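Positions 86 to 1169 (the working numbering) are the ones given, in order, by the sequence shown.
Cβ atoms here follow ideal geometry from the backbone N, Cα and C, with glycine treated the same way.
Please read all numbers here as calculations on a predicted model, not as lab measurements.
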Amino acid sequence: MLLLVAAAHAVLPLPTYPECGEPNRDDLCPIDLNERWTFLSYIPTAWQPTVRSQETATGASIDRAWRTTAGRTDVLISVMDSGIDWGADGIVRKTALNVAELPLPDGSDVYDADGNGVVNVSDYAGSVDPTAGVEVADDILDPSDLIATYSDGTDADGNGFVDDIAGWDFLWNDNDPYDDTDFGHGTGEAEWSSEEGGDEGGIGSCPNCMVMHLRVGDTFVADAAAFASAVLYATDNGVDIVQVAIGAITRPAYAQLAIDYAWERGVAVISSAGDETAWHSNPPANQARTVYVHGITYAGDSESEAGSFLAYENCTNHGPRLDFSVSSDDCSSYATGLTAGVAGLVLSAARDAGLTLSPAELGQLLTRNVEDIDLSGDPDEHVYPSQPGWDRYFGQGRLHAEAAVEAASAGRIPPSIEITAPDWLAYLDPIATPTVTVAGSVAAPRAALSSWTLDVGKGLEPGDWERLGSGSAAAETLADWTLPQEPCALEDHPAGTTTVEREEAMNACTWTLRLTAVDAAGAEAVVRRTVYVQHDPDALPGFPQRLGDGSSLEASPLLVDVDADGVLDVIQASGGGWVTALKGDGSTLWSAHVETLEEIDDALPASHSGAPAYRTVGLEMYAPIAATPAAGDLDGDGGLDIVVATMRGAVHVFDANGAPRVGFPVLLDPILSTNPADQIDDGILGAPVLSDLDRDGRLDIVAVGFDGKVYAWTPDGALLPGWPIVPRWDAAIQGREHIVSSPAVGDLDGDGLPELVFGTNEAIDDEHAPLFAYHGDGTPLAGWPVRMWGYSTDVLPVVGEGMPESAAISDMDGDGAPEIIAHSIGGAVSVFAPDGSTILETQTNRSAYGPRSNVGDSSVLPLINSPSVGDVDGDGVLDIVTGATGIGYMLGGMAQGDRVDFDQMVAAWSGVDGSFLAGWPRVVDDLPFFLNPAIGDIDGDRAMEVIAGTGGGLAHAWNADGDEPSGWPKLVGGWVIASPAIGDINGDGLLDVVLGTRDGYLFAWTTASPSGASVAWAQLGHDPKHTKDSRTPLTGYNAGYPDGDAPAEDCGCAAGGASLGWVGFALAGAALARRRVASRAALR
């Protein structure tokens, strides 16, 4: 790609503002500033009476940074998000153009036809019809007009991308990054960092920086594979700063390779902490070599009535990975945009001074030049705790743009340092590995290195530090750390604890490494890294382990007998597209991958495998898997088949010999639309389901897609008659939405044929979503859909719209007739009869909590989780369990800048009357997402526990009274959205619990229960077929206790026959490629 700059110091359009930032003098700044509080270095006089006396500024001091520079047009920021609205007038002229794919403007012998020093769309005025591109921007000349006019089907610059005139769309793999669903987030990101000023409209923090639009999703919940490809493209094509405020559904290892590729070539990644008011850290921001930021705001009803401008923003995430805070009007997303623009200012100032900054140096300039947020002496109970220096709620402090820009301009560049091992949030077992090498790099390119030190301290915010290593020369091996041997105590949370206290308790096993370097000029650099140190005597030998390439484990473990030896094995799919089968000793039976990303699949015409980045990083990039595989004997031949669905919309089936079944993989068939009402994609998040829908003696495959359809295929890969369907509450309402739930399947009407029950992302209104039921032939069941009430039908895009939860089926009252158990976002759990009538609703208010509950919040709101069913209290009636939040969590989001304590929880209700069980609900450590708890006896007392992981790095198990077995909770360190699986995986006659984390660790613990003990809900979706029907037999379970006692007849513990096995794997790449070509032909 040829860069778009014609002159190094081109102005577009703003000069510097030597007096900007003088208090109450807007006239000295760009006309667009308008006392925008997030930018200001002072507190306007009229606002001062209510503000804490210690504070001197409202924002990030961007106004005074503009005294030095308003940015340079040769600094290029790439926004990786939902795409761009080509009608955004403040961005179209800021959009980078690839002149190597363009002809010269008519009548000009240079690309800069208007002579303003920068090549942009304005140079093509008179050359291009402004109505040639997208209709929404027909009133202006915009880059879509150039794309429509000059795309000729060639890769003129040889960079591996055809006609990449103004960015790329990695969602649909084409050359127009237009936000065709009108989501708007990507446009907002571009405006926050890069919007041009001087027109009395908006202004970005770097108004002269140019922007490249790379679309990686249709919302800010996006595909990590697309993000990785976008980072590689940006690095190859002249980008200086990656700006990414997305939450990725998976974290493939190659995303880190892409970030490393960028880092090593001088490209910095500015990333968002996420916006769930939570502890957990989101990918891709939580990966190494990113700058990780979140938002702070004002406390009060308005800026002019604020008591503080250093308040934690009640939507933003925090925790160990946080670098610093940024004044924000719109959570972490705005903070990311503002920071990316400030990074552009810093690079500009450095270039003006003749310096080229590395990403490490840029990160240190941003992180070290902050205003410390220390509210430790503030008596106000409505503030979050802080301390001098780094803390978990505010990081290093508030971004100070002026200080960072001045340091760069003056050449005060800190040393270049990093810690590379152990990994962020690594789980370290001091018995298995007594000594760990701390690796990294220490260098001082600008001045002689004076000294460096490596310290370690216990906790997330250590008060005491121990010296591990030091030196005065460049180094890569920093120290050998002898891990502490003393055990760390973890326990369930006592009643009355706050969110702050619970976070401190769950960090009992946390240790922090701190590397500091100082050069001869006195410039200092500091980096941190958090790890967990614990030996768990219940861990099975060989566990925990990071599978394969270390990709994330969003999919739940699947327990089946893979090698037909009569012992359950573990099948685990990863966010990197790998499927691994393991024995109970941790050894690998096999490990294989699904389809290659279409971006680099040479069997497809739109492959970019020749691009330099792919050649360097390698072509082992596979479709991420977030859906848990399903297992069953599809064709009745006695062999177990494994069904795997990917985030790129492929469904694979592998037989007992490891060969792909004829007719597979199959693909979703989304028809791309530019209708903003169509929120569709081609991925699969919900677990596939196996059921004999047409009763031909063979299992069919059911999968729901991001394209808004429900599919059913035969074991031969043919669509069943009547499928796919597009479920709609009101067919007259235009549009389609994603479907992310997984259907429950069971015979509801007694005709011997199964029905499917599921929710979709469709919203009837702001508080109601539909729950559908269909016969196996694709026709609706009478009485359905039903209208489900919830707190909201739009809490997060993709994963939190409509009704993303899965339902369950069970004979709750033992009368032989099935019931349907379901809840929407924030609504009570409802139990329905097959005709759609409501039988029962669970209680939600504090007055009904069980007497032993530890929850203090005033109500329980089931969230984006799915119910499990089993007789937890042993009364012979099945109980209902799901994840939830408290009303305090919802109210906290509306409390502008005030700390609001709230509870995240797991709740359990009696199936008799919907009342809470005695010890329930239970507080958990962090927001529960996609929870589908396991239910089984894991302490051998013949009463079942509820087992669930959370975002706080712990896995819990509770009985009906809310008590945890000895040795629980378990430390896992990372964010858990997978469901635990229960089964004897090593053949020792005891049940084991298996669970994976989003950091890529797979844990397995032994329990005190015999392998025949009561198990009601063994794994995600109840059973390997994911029927979610508690009447489905659990093969290999519930054989009884050693004394001959069988599980209680009414516990929901359906016993099954002997296990089945299978071996092997093969990839049908050519077959998939042919189907992708056919499918994609209809897209554009």
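query, result
"Length of the line joining the Cα atoms of Pro98 and Trp814", "50 Å"
"Whole-angstrom distance between Glu120 and Ile381, CA atom to CA atom", "17 Å"
"Residues bridged to Trp675 (per DSSP)", "Ala666"
"Burial state of His578, where buried means 16 or more other Cβ atoms lie within 10 Å", "buried"
"Residues that DSSP places opposite Arg552 in a beta bridge", "Asp540"
"Check whether Val468 and Ala396 have beta carbons under 8 Å apart", "yes"
"Met975 - DSSP class collapsed to helix/strand/coil", "helix"
"beta-carbon Asp958 near the ligand HEM non-hydrogen atom, thresh 7 Å", "The ligand HEM is not part of the structure shown, which contains no ligands of any sort."
"Inter-residue CB distance, Val914 and Thr927 (contact presumed, cutoff 8 Å)", "4 Å"
"Cβ shell of Ser236 (< 6 Å), same chain only, five flanking positions each side left out", "Asp248"
"Check whether Trp509 and Val541 have beta carbons under 8 Å apart", "no"
"Simplified DSSP assignment, three categories, for Glu281", "coil"
"Whole-angstrom C-beta distance between Asp408 and Gln481, which should lie under 8 Å", "6 Å"
"Residues bridged to Phe246 (per DSSP)", "DSSP lists no partner for Phe246."
"Expected contact under 8 Å - CB spacing of Glu886 and His908 to nearest Å", "Contact flag wrong, Cβ pair sits at about 15 Å."
"Segment contact flag, the stretch 680 to 694 with the stretch 613 to 627, C-beta cutoff 8 Å, min 3 pairs", "no"
"First and last residue of the uninterrupted beta strand (DSSP E) at Thr562", "Ala560 to Thr567"
"Spatial neighbours of Glu852 in its chain, beta-carbon cut-off 8 Å, leaving aside the 5 residues before and after", "Trp874, Gly875, Tyr876, Ser877 and Thr878"
"Beta-ladder partner(s) of Pro745, from DSSP", "Phe739"
"Under the three-state DSSP convention, the category Pro507 falls into", "coil"
"Close Cβ partners of Val455 (< 7 Å) along its chain, the five nearest in sequence each way excluded", "Phe409, Gln481, Gly482, Arg483, Leu484 and His485"
"For Leu395, the first and last residue of its enclosing beta strand (DSSP E)", "Ser393 to Tyr397"
"Residue from Asn260, Pro262, Asp224 and Val490 with nearest C-alpha to Asp101", "Checking the sequence, you will find Thr at residue 101 rather than Asp. When each option's Cα is compared against that of Thr101, the closest is Val490."
"Residue burial classification, Gly1142 (beta-carbon count within 10 angstroms, cutoff 16)", "Caution applies to Gly1142, whose pLDDT of 47 falls short of 50 and renders its modelled position unreliable; the model cannot decide the point."
"Whole-angstrom C-beta distance between Ile169 and Pro262, which should lie under 8 Å", "6 Å"
"DSSP bridge partner residues for Ile1067 (one or two, in chain order)", "Val1078"
"Uninterrupted alpha helix (DSSP H) stretches inside the stretch 955 to 1001 (no shorter than 4 residues)", "972 to 977"
"7 Å CB neighbourhood of Gly156 in its chain, flanking five on each side removed", "Cys291, Pro292, Asn293, Cys294, Gly429, Leu430 and Ser433"
"Where the alpha helix (DSSP H) containing Leu450 begins and where it ends", "Pro444 to Arg453"
"Alpha helix (DSSP H) segments (min. 4 residues) lying fully within the stretch 350 to 437", "416 to 437"
"C-alpha gap between Glu104 and Thr154, whole angstroms", "12 Å"
"Extent of the continuous alpha helix (DSSP H) to which Gly525 belongs", "Looking at the DSSP string, Gly525 is not in any alpha helix (DSSP H); the run it does join, the beta strand (DSSP E), is Thr520 to Ala528."
"Exposed unless 16 or more other CB atoms sit within 10 angstroms - verdict on Ala533", "exposed"
"CA nearest to the CA of Leu775, picked from Ser126, Thr665 and Ala788", "Ala788"
"Spatial distance of Leu460 from Leu575 (CA atoms)", "28 Å"
"Val204 and Leu231 closer than 8 Å at C-beta", "no"
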